[in-house]
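Quick note, the sequence shown lines up with residues 634 to 1263 if you use this note's numbering.
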Amino acid sequence: MGNYEAVFRSSVTDREGFWLRAAQALDWHSAPSVALDDENPPFYRWFPDGELNVAYNALDRHVDAGHGDRAALIYDSPVTGTKRSYSYAQLRDEVALFAGVLRGVGVSRGDRVVIYMPMVPEAVVAMLACARLGAVHSVVFGGFAAKELAARIDDAEPAAIVSASCGIEGSRVIEYKPLLDRAIELASYSPGARVILQRPQAGAVMGSGDVDWAEAMKSAIPADPVPVKSTDPLYVLYTSGTTGKPKGVVRDCGGYATALTWSMPNVYDIRPGQTIFTASDVGWVVGHSYIVYGPLLAGATTVLYEGKPVGTPDAGQFWRVISEYGVRTMFTAPTALRVLRKEDPNGAFAQQFDLSELKYLFLAGERLDPGTFGWASDLLGIPVIDHWWQTETGWPIVANPAGIELLEIKPGSPTRPLPGWDVQVLGTDSVPVAAGEDGAIVMKLPMPPGALPTLWKDDDRFVRSYLSAFDGYYLTGDGGRIDSDGYVFVMGRTDDIINVAGHRLSTGAMEEAVSSHPDVAECAVIGTADAVKGQVPRGFVVLKAGVDTSADNYEDQLRTELVEMVRDQVGPVASLRQVTVVPALPKTRSGKILRKTMRGIADGIDDHVPSTIDDPSVLDALRTVLSKAP
């Protein structure tokens, strides 16, 4: 433990020295002598003269140091009833062998490989095998629609694709191979070999150009790590673009590895041999950073979980995993907690397990509302830490640095900026606003190691999307404020600010009020078009399990109470009048509520279903509700 102020000040006053010291935690083929190349702003590059191999740092160096028997990866799959553990030596050997498979089908340094996999150990093996060869992986969430997969194939132009016969979503088996075959038909670019992992739940029909994973592994020759430049890309991860064309976020090797290695002990308080359970997916940035690379770079044990918070089979699975594997730090999305709270509001499942090893619960991906924060804090009796970051940043921007100094927790705030991040709030005139005032949250350039250096094959779009709104700053797209203590409050996307009769109001503030009602498990407030006021807010709420709704006027009474709560906490100008109880809110597979899509449906602009949606039937139910609205 140390002192946050001193560490942060060091990152500001001696940026070069701070990050060069952090880089020493890695094994470099050629150690960097310079931290930052700032000769060509805004295209900054970290450790420009360094060379390393990220997979070697994640696996081999721990084995070489005598820790080969330490658990590296624990696979827990309640949807298949499967559990498996890999030591560092075992995982290194699997990765080296599969790197040999990829090399055998023509993959070499700099080539791209699309990985379209479920949450199985082989997905992690494929990612690390690419890194071992110096190839660039691009993971696409398993089960993505063929059209979306085709768009990513065309953009990445992969030398090979790694996939599986199927994935499992709750109780549904999703066959991947037909989706992959259709994507290849739709794509303009013709990829090389397809390596297919056959799963017993649904076998894939193999065709010309398809390679069976298990068969290929039998004859493969292990591949050695290939040193690459620090500035070479490690992976490309696609996010949805406003134009419909996905944006390929580029992640470099040296800067990313340095940032993650620094973050594991300092942010998450995870050291070698300790266990972290990140309940996400390798298709998302959280999975890249804190299921795969971060824990393994730190020499820790990471849990790979194939299942849902509830329904596979019950709301006790997260707690079981924590108890069974002695998890020290857990990381999940607030929406997962809200689902658990809805299904098990009294926390009965958690009380069935020994959670004494759990020291921290970290949350990110959606704003953590105070109600959910309070529920989790009371249930677990440990620090519940909201933190904020993005696909583009690669690791947390604002967090409570548990491994340095646990700062005061202010519900509604992810705490203070981490070292390297110069977070500011600007007004429309590009001038910083006063403490406590709302504005656009930005980061002053250059951003620290780990943040995206550009977009794949599109420097112009990188500048246009992120750097053009405020000269010298990265635009996060989020709005909020910084209080007089330096605490950052992220109130939501800037397009979630609504204009009611000339008053700019945050839907996040209204959601905070609505979610504090004891019957509400989760909620969304959107702005809908209004001929008189321009926009008016409309609320949608999901109730907790067990709430008594038998009274004839229950929904009317609930609506009255929620309207009054918003009036008291936000003000009468908020003008919330319509609140509807719904069985579920439409979300992405990473847990983000699709507010923009909801707003479009409410305003009669029913765009196509986003490729990232978890359950399209929820949108259908919402359309029905809105069609009956007055």
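For every residue, glycine included, the Cβ atom is placed at its ideal position computed from N, Cα and C. Small disclaimer: the values here were computed from a predicted structure and weren't measured.
Environment of residue i [buried if 16+ CB atoms lie within 10 Å]
i, result
"Ala1067", "exposed"
"Ala931", "buried"
"Lys810", "buried"
"Glu1041", "exposed"
"Asp1092", "exposed"
"Asp1062", "exposed"
"Ser798", "buried"
"Asp1002", "buried"
"Thr1257", "exposed"
"Gln1023", "buried"
"Thr935", "buried"
"Val1064", "exposed"
"Pro1249", "exposed"
"Gly840", "exposed"
"Glu999", "buried"
"Pro1079", "buried"
"Glu1155", "buried"
"Ile786", "buried"
"Ala1184", "exposed"
"Val859", "buried"
"Asp1118", "exposed"
"Arg971", "buried"
"Pro674", "exposed"
"Val883", "buried"
"Ile854", "exposed"
"Ser804", "exposed"
"Gln950", "buried"
"Ala847", "exposed"
"Ile1238", "exposed"
"Tyr901", "buried"
Nearest-angstrom beta carbon gap, residue j and residue i [assumed within contact, 8 Å]
i, j, result
"Leu937", "Ile707", "7 Å"
"Val1175", "Thr945", "Actually they are not in contact, since the Cβ atoms of Val1175 and Thr945 sit about 19 Å apart, beyond 8 Å."
"Lys716", "Asp726", "The pair is not a contact, with the Cβ atoms about 20 Å apart (cut-off 8 Å)."
"Tyr677", "Pro1050", "Actually they are not in contact, since the Cβ atoms of Tyr677 and Pro1050 sit about 18 Å apart, beyond 8 Å."
"Ile1159", "Arg1210", "Incorrect: roughly 13 Å between the Cβ atoms, too far for contact."
"Val869", "Ser771", "4 Å"
"Leu735", "Val747", "With a Cβ gap of about 12 Å, Leu735 and Val747 do not count as contacting."
"Leu819", "Ala783", "4 Å"
"Ala1172", "Val1212", "Checking the sequence shown, residue 1172 turns out to be Gly, not Ala. Contact holds; Cβ gap of about 4 Å."
"Pro1219", "Leu1259", "In fact, because the Cβ distance is near 12 Å, the residues do not count as touching under 8 Å."
"Asp744", "Ala768", "5 Å"
Start-to-end residues for the alpha helix (DSSP H) that takes in residue i
i, result
"Ser956", "950 to 958"
"Met1143", "1140 to 1148"
"Glu781", "779 to 789"
"Cys763", "754 to 766"
"Phe964", "Segment 962 to 965 is the beta strand (DSSP E) holding Phe964; no alpha helix (DSSP H) there."
"Thr945", "Counting along the chain, Thr945 falls outside any alpha helix (DSSP H), and DSSP gives it neither H nor E."
"Arg1192", "1187 to 1202"
"Ala1157", "No alpha helix (DSSP H) holds Ala1157; the beta strand (DSSP E) holding it covers 1153 to 1163."
"Ser1260", "1249 to 1260"
"Tyr749", "Not the alpha helix (DSSP H): Tyr749 falls in the beta strand (DSSP E), residues 745 to 749."
"Ala639", "637 to 646"
"Ala830", "The sequence given here places Leu at residue 830; Ala does not occur at that position. Careful: Leu830 lies outside any alpha helix (DSSP H), inside the beta strand (DSSP E) at 826 to 830."
Residue i: first and last residue of the uninterrupted beta strand (DSSP E) it sits in
i, result
"Asp709", "704 to 710"
"Ile1234", "No beta strand (DSSP E) holds Ile1234; the alpha helix (DSSP H) holding it covers 1228 to 1235."
"Thr935", "934 to 938"
"Ala797", "793 to 797"
"Arg805", "805 to 808"
Is the stretch 743 to 758 touching the stretch 830 to 847, taking contact as three or more C-beta pairs under 8 Å? yes
Are at least three pairs of beta-carbons, each pair with one atom in the stretch 1177 to 1193 and one in the stretch 1218 to 1229, less than 8 Å apart? no
Quick check on the DSSP output: what are the complete beta strand (DSSP E) runs of length 3 or more inside the stretch 1093 to 1128, in order along the chain? 1106 to 1115, 1121 to 1126
Is the stretch 980 to 998 touching the stretch 1013 to 1027 in the sense that three or more CB pairs, one from each, lie closer than 8 Å? yes
Count Cβ pairs between the stretch 970 to 990 and the stretch 1176 to 1185 that sit closer than 8 Å; are there 3 or more? yes
Cβ contact (3+ pairs, closer than 8 Å) linking the stretch 775 to 789 and the stretch 958 to 969: no
Contact between the stretch 728 to 736 and the stretch 753 to 773: three or more CB pairs below 8 Å? In the pairwise beta carbon analysis, the stretch 728 to 736 is classified as touching the stretch 753 to 773: at least three pairs are separated by under 8 Å.
Does the contact criterion of 3 or more C-beta pairs under 8 Å hold for the stretch 891 to 904 versus the stretch 788 to 802? no
Would you call the stretch 1051 to 1061 and the stretch 1023 to 1031 touching, i.e. three or more CB-CB distances under 8 Å? yes
Which complete beta strand (DSSP E) runs does the stretch 845 to 923 hold, if anything under 3 residues is left out? 866 to 872, 880 to 885, 908 to 911
Using 8 Å as the threshold, is the stretch 847 to 865 in touch with the stretch 685 to 702, meaning 3 or more CB pairs across them? At 8 Å Cβ cutoff, the stretches touch.
Should the stretch 688 to 708 be called in touch with the stretch 644 to 660, which here means at least 3 C-beta pairs below 8 Å? yes
Quick one: any contact between the stretch 903 to 914 and the stretch 963 to 970, if contact means 3 or more CB pairs under 8 Å? yes
Which ranges does the beta strand (DSSP E) cover as unbroken runs of at least 3 residues, wholly within the stretch 1036 to 1076, from first to last along the chain? For the stretch 1036 to 1076, whole beta strand (DSSP E) runs of length 3 or above, ordered along the chain, are 1056 to 1059.
Please specify which runs of the beta strand (DSSP E), each continuous and at least 3 residues long, are wholly inside the stretch 973 to 1013, giving them in chain order. Correct list: 993 to 996.
What ranges does the beta strand (DSSP E) occupy inside the stretch 678 to 738, keeping only unbroken runs of at least 3 residues that lie completely in it? Runs of the beta strand (DSSP E) spanning 3 or more residues and lying entirely within the stretch 678 to 738 occur at 704 to 710, 715 to 720, in chain order.
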